[in-house]
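Residue numbers (our numbering): 4 to 117.
Beta carbons: idealized from backbone N, C-alpha and C, even for Gly.
See structure below.
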């Protein structure tokens, strides 16, 4: 399940992955210590340098790929232009606990790195 949310969480709580030209930030809300959980909850946001575009409010659709032992699925996400960047989310993700990787805006993150 994926839900777009309002961003009111400080950036310093997120783990950052990527470069200065594209970056995703992920906050894991479920503890690793609970191995018997069936779900994992994350907040994902990010940005990609988009150069000059048509202006504020421009939207681009990208894919958020969720990859695991028993799951491989793709969800559509919207990136919204703000200045020279296209911003992703934030999105609240409720995923099966066996998810191993997320891939979005050309960046792949291993869940073990969170």
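Reduced DSSP secondary structure (H/G/I, E/B, other) of residue i
i           : result
residue 89  : strand
residue 115 : helix
residue 16  : helix
Bridge-paired residues (DSSP) for residue i
i          : result
residue 42 : 99
residue 68 : 77, 106
Buried/exposed call for residue i, threshold 16 Cβ in 10 Å
i          : result
residue 8  : exposed
residue 48 : buried
residue 54 : exposed
Nearest-angstrom beta carbon gap, residue j and residue i [assumed within contact, 8 Å]
i          : j          : result
residue 82 : residue 63 : 5 Å
Q | Three CB pairs or more closer than 8 Å across the region 11-19 and the region 60-76 | A | no
Q: May I ask you to verify whether the region 21-35 touches the region 103-115, counting CB pairs closer than 8 Å and requiring at least 3?
A: yes
Q. Is the region 42-49 close to the region 89-105, with three or more CB pairs under 8 Å?
A. yes
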